[in-house]
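Trainee: Same order as they appear, the protein sequences are chains A and B. Each residue of the first sequence is one higher than the one before, starting from 343 at the first, in the numbering used here. Each residue of the second sequence is one higher than the one before, starting from 189 at the first, in the numbering used here. All residues carry an ideal CB built from backbone N, CA and C; glycine is no exception. Below is the structure I would like to discuss, written out as structure tokens.
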Amino acid sequence: MITRFFDRHQRWLFPAPAVIFIVVMMIFPLGFTLWNSFSGWSLTAGRPNTFIGPQNYVDMMRDARFWNAVLNTFYFTALAMVIELALGVAMALLIDAKDYPGKRVVTSLLLLPMMATPVAVAMVWLLMFEPTAGVINFVFGQIGLPKQLWIAGSSSVIPSLVLVDVWEWTPLITLIVLAGLAGLPSEPFEAARVDGASYWQTLWRVTLPMLLPTISVAGLLRFIDCIKTFDIIYGMTGGGPGFSSETLNIYTYNQAFYYFNFGYASSLLVIFFTIVTGVSLLVAYSRRRLEV
Amino acid sequence: MASVSTTRSRRRSRRILVNVLYAIAMIAVVFFMLTPFLWMVLNAFKSPLQIIKLPPELIFEPTMRNFQNVFGTQNFMRYITNSLIIGAGCTLVGLLIGLPAAYSIARFGQNRLAIVILMARMVPGITFLVPLFIIFRTLGLIDTYTSLILTHMLVGLPFIVWVMVPFFESIPRELTEAAVVDGASAVRAFVSVVLPLSGPGIVTAAILSFVFSWNNFMFSIVLASSRTRTVPVAIYNFISYAQIDWGGLMAAAVVITLPVLVLAIVTQRYVIRGLTAGAIKG
Chain A
343 MITRFFDRHQ RWLFPAPAVI FIVVMMIFPL GFTLWNSFSG WSLTAGRPNT
393 FIGPQNYVDM MRDARFWNAV LNTFYFTALA MVIELALGVA MALLIDAKDY
443 PGKRVVTSLL LLPMMATPVA VAMVWLLMFE PTAGVINFVF GQIGLPKQLW
493 IAGSSSVIPS LVLVDVWEWT PLITLIVLAG LAGLPSEPFE AARVDGASYW
543 QTLWRVTLPM LLPTISVAGL LRFIDCIKTF DIIYGMTGGG PGFSSETLNI
593 YTYNQAFYYF NFGYASSLLV IFFTIVTGVS LLVAYSRRRL EV
Chain B
189 MASVSTTRSR RRSRRILVNV LYAIAMIAVV FFMLTPFLWM VLNAFKSPLQ
239 IIKLPPELIF EPTMRNFQNV FGTQNFMRYI TNSLIIGAGC TLVGLLIGLP
289 AAYSIARFGQ NRLAIVILMA RMVPGITFLV PLFIIFRTLG LIDTYTSLIL
339 THMLVGLPFI VWVMVPFFES IPRELTEAAV VDGASAVRAF VSVVLPLSGP
389 GIVTAAILSF VFSWNNFMFS IVLASSRTRT VPVAIYNFIS YAQIDWGGLM
439 AAAVVITLPV LVLAIVTQRY VIRGLTAGAI KG
């Protein structure tokens, strides 16, 4: 009896536990956040969970720290993505260019930065960036470059954090592009060779255009993760010095778990969520439009 | 005759030059990727004075003090146990609910369900964390394995589904249909026909789910306290002291990252497939 019932309804019984999980852990919390974003709820200010209309959103528009966080988020994301995509593709082409013993070792080394615990890695970079005793400034001094403040300087902090993110995640782009390269058909390359195309001509006219779909997916994946980078930023600077590396993710975290302004934090979440979803859908849509 | 041999030798020297440049570029890439690890390991065996010494010593008398400190005073074994319990729990429950869901998505083309699950991959974790923190606080679930496993599943489940859907799609439908014709129920066909064929996929999904739970910092720092503190939170607490104990910090970093790095290298075939899954089909 039970089996017959199950067989007839397997379409929704198989995914039922996952659906329950999604409703309880994702959809309900998102709805709850939307509701809270219209509340003045704050533990530190001692305000109860009462409806205050769109006041949080009005406050946000006038909140200089919010706009600073938006700018920092896009600065970090754009800089990291451009460098990671360029370096990642270059590294994949480099690795793919030749065959030699030990090539597979290089590919497996690529895995290490992205699998290592980000907070642990952040601590190592913290030591290397140390302005006085750090090895990076020591090397800079030895080769005659001016010593930098790295994460301690308000203008150098985001590029320094980007360097850590580049170290950690460029290999992902490389691995994806390597897999993409392995899947390319060989005919266009043979045709290019017969026509006497040089290496660079083949690269620009054949390889890269054919890789474009793979590169754009890799870029979308990186965008999704870059914009919500938390571990290395919080672990190394906590948003500082001052607020110069405070991204939307860190600012929302501080509003929620440092000031316990649940209402205002929720309205920040709604905006953050909208930005991430909006850009991702835009990218997905434009990919389909361009048919790349 | 002479001109032929000069072009040939010119071509040969050009090829050697290209090879040398290539080797230099590869060494630079490998050096850039490995330096932080080298620095982490070296300093884990140095005394506080050796760490701040310039120029840094590459050859020195190693000390085990930092590791004794990490496992003794800091009691890291407890945090490792917590991380193992949470990682295993999140992976097992994730597989239990994720495998049937992925199978159903593959079998019945439930794309909308797939998109909703992958949303968890896209949406910033903090969007779930703030409301879940409030809910768990009301339910008295802060600092329990339950709340940590459930939140870590938000990271693990999308990976499991992401890896398994294409895998299940590649298993011929005729196999399960034949089992059903022979009188097996749908569950039976799934458990004894589909799952045994899915070993590599399940291994990939399980490794990724476990590693991302082990590495998770944001959910743990908010939800875990003295009873369930995980390793990333424990290492972060090292720098909250006025004077940073760099040696202990690096030793702790070695202890945390070594297991995942070994796992990643041993199972690299699976890990690479899992991380790049979905991106290639475009």
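Could you list which residues in chain A have their beta carbon closer than 7 Å to that of PHE255 (chain B), in chain order?
Mentor: Ordered by position in chain A, no residue passes the 7 Å Cβ test against PHE255 (chain B), which lies about 15 Å from the chain.
Trainee: Measure the CB-CB distance between LEU396 (chain B) and MET465 (chain A) and report whether it falls below 7 Å.
Mentor: no
Trainee: Could you tell me if TRP637 (chain A) is buried or exposed, where buried requires 16 or more neighbouring beta carbons within 10 angstroms of its beta carbon?
Mentor: Chain A is shown from 343 up to 634; residue 637 (chain A) falls before or after that span and cannot be answered.
Trainee: For VAL349 (chain B) and PRO359 (chain A), what's the separation of their Cα atoms in angstroms?
Mentor: VAL349 (chain B) and PRO359 (chain A) have their alpha carbons spaced roughly 13 Å apart.
Trainee: At which residues does the alpha helix (DSSP H) containing LEU517 (chain A) begin and terminate?
Mentor: Run containing LEU517 (chain A): 499 to 524, per the alpha helix (DSSP H) assignment.
Trainee: Note down, in chain order, each residue of its chain lying with its Cβ closer than 6 Å to the Cβ of THR512 (chain A), except the 5 sequence neighbours on either side.
Mentor: GLU426, LEU429, GLY430
Trainee: Taking a contact to mean a Cβ-Cβ separation below 7 Å, would you say CYS151 (chain B) touches SER401 (chain B) in this structure?
Mentor: Not covered by the structure: residue 151 (chain B). The range shown for chain B is 189 to 470.
Trainee: CA-CA distance, ALA377 (chain B) and ILE344 (chain A)?
Mentor: 15 Å
Trainee: Does the beta carbon of TRP350 (chain B) sit closer than 7 Å to a beta carbon anywhere in chain A?
Mentor: no
Trainee: Please classify ARG457 (chain B) as buried or exposed, where buried requires at least 16 neighbouring CB atoms within 10 angstroms.
Mentor: exposed
Trainee: Taking its Cβ as the centre, do 16 or more other Cβ atoms sit within 10 Å of MET265 (chain B), making it buried, or is it exposed?
Mentor: exposed
Trainee: Please state whether DSSP places PHE393 (chain A) in a helix, a strand or coil.
Mentor: Per DSSP, reduced to three states, the secondary structure at PHE393 (chain A) is strand.
Trainee: Tell me, which residues are paired with SER384 (chain A) by DSSP?
Mentor: A:ARG389
Trainee: Nearest to LEU451 (chain B) by CA position, among B:LEU411, B:LEU284, B:VAL421, B:THR392, is which residue?
Mentor: B:THR392
Trainee: Exposed or buried, what is ASN596 (chain A) when buried is set at 16 or more other beta-carbons lying within 10 Å of its beta-carbon?
Mentor: So ASN596 (chain A) counts as buried.
Trainee: Please check if any C-beta of chain B sits within less than 7 Å of the C-beta of LYS489 (chain A).
Mentor: no
Trainee: CA-CA distance, GLY470 (chain B) and THR464 (chain B)?
Mentor: Because GLY470 (chain B) carries a pLDDT of 36, less than 50, the predicted location of this residue cannot be relied on, and the following value inherits that uncertainty. Distance between the alpha carbons of GLY470 (chain B) and THR464 (chain B): 11 Å.
Trainee: Quick check on DSSP: helix, strand or coil for GLN597 (chain A)?
Mentor: DSSP places GLN597 (chain A) within a helical segment (H, G or I) once states are collapsed to three.
Trainee: So with CB distances below 7 Å, who are the chain A contacts of ALA308 (chain B)?
Mentor: MET368
Trainee: For MET265 (chain B), would you say it is in contact with chain A, using Cβ-to-Cβ distances shorter than 7 Å as the test?
Mentor: no
Trainee: Enumerate in chain order the residues of its own chain whose CB-to-CB distance from VAL634 (chain A) is below 7 Å, with the five nearest sequence positions on each side excluded.
Mentor: Caution applies to VAL634 (chain A), whose pLDDT of 45 falls short of 50 and renders its modelled position unreliable; the value that the coordinates give is listed next. Within the same chain, VAL634 (chain A) has close Cβ partners LEU554, PRO555, SER558.
Trainee: Three or more C-beta pairs closer than 8 Å, one from the segment 390 to 405 of chain A and one from the segment 594 to 609 of chain A: is that the case here?
Mentor: yes
Trainee: With hydrogens ignored, establish whether the beta-carbon of SER373 (chain B) is closer than 6 Å to any heavy atom of the ligand FMN.
Mentor: No copy of the ligand FMN appears in this structure; indeed no ligand is present at all.
Trainee: Which residues in chain A have a C-beta closer than 9 Å to the C-beta of ASN403 (chain B)? List them in chain order.
Mentor: MET457, ALA458, THR459, PRO460, VAL461, ALA462, ASP573
Trainee: Which chain B residues are close to TYR606 (chain A), counting only those with a beta carbon under 9 Å from its beta carbon?
Mentor: None at all; the shortest Cβ gap to chain B is about 11 Å.
Trainee: Say whether chain A places a C-beta atom closer than 7 Å to the C-beta of GLN456 (chain B).
Mentor: yes
Trainee: What are the boundary residues of the alpha helix (DSSP H) that includes ILE557 (chain A)?
Mentor: 550 to 568
Trainee: Quick one, which residues of the segment 469 to 502 of chain A are near chain B if we go by CB-CB under 7 Å, in chain order?
Mentor: Against chain B - using a Cβ distance shorter than 7 Å - the residues of the segment 469 to 502 of chain A are LEU469, MET470, ALA475, VAL477, PHE480.
Trainee: Just reading off the alpha helix (DSSP H) that LYS445 (chain A) is part of, what are its end residues?
Mentor: 445 to 457
Trainee: Check for me: the alpha helix (DSSP H) holding ARG535 (chain A) runs from which residue to which?
Mentor: 529 to 536
Trainee: Taking the Cβ atom as the reference point for each residue, do THR419 (chain A) and CYS568 (chain A) lie within a distance shorter than 7 Å?
Mentor: yes
Trainee: Would SER373 (chain B) and PHE356 (chain A) qualify as a contact pair, given that the criterion is a beta-carbon distance under 7 Å?
Mentor: no
Trainee: Where does ALA372 (chain B) sit, in a helix, a strand or coil, going by DSSP?
Mentor: DSSP places ALA372 (chain B) in coil when its eight states are reduced to three.
Trainee: In the structure shown, what three-state DSSP assignment does VAL311 (chain B) receive?
Mentor: coil
Trainee: Three or more C-beta pairs closer than 8 Å, one from the segment 403 to 417 of chain B and one from the segment 306 to 325 of chain B: is that the case here?
Mentor: yes
Trainee: In three-state terms, what does DSSP make of TYR252 (chain B)?
Mentor: At residue 252 (chain B) the sequence reads Met, which differs from the Tyr that was named. In this structure, MET252 (chain B) counts as coil in the three-state DSSP scheme.
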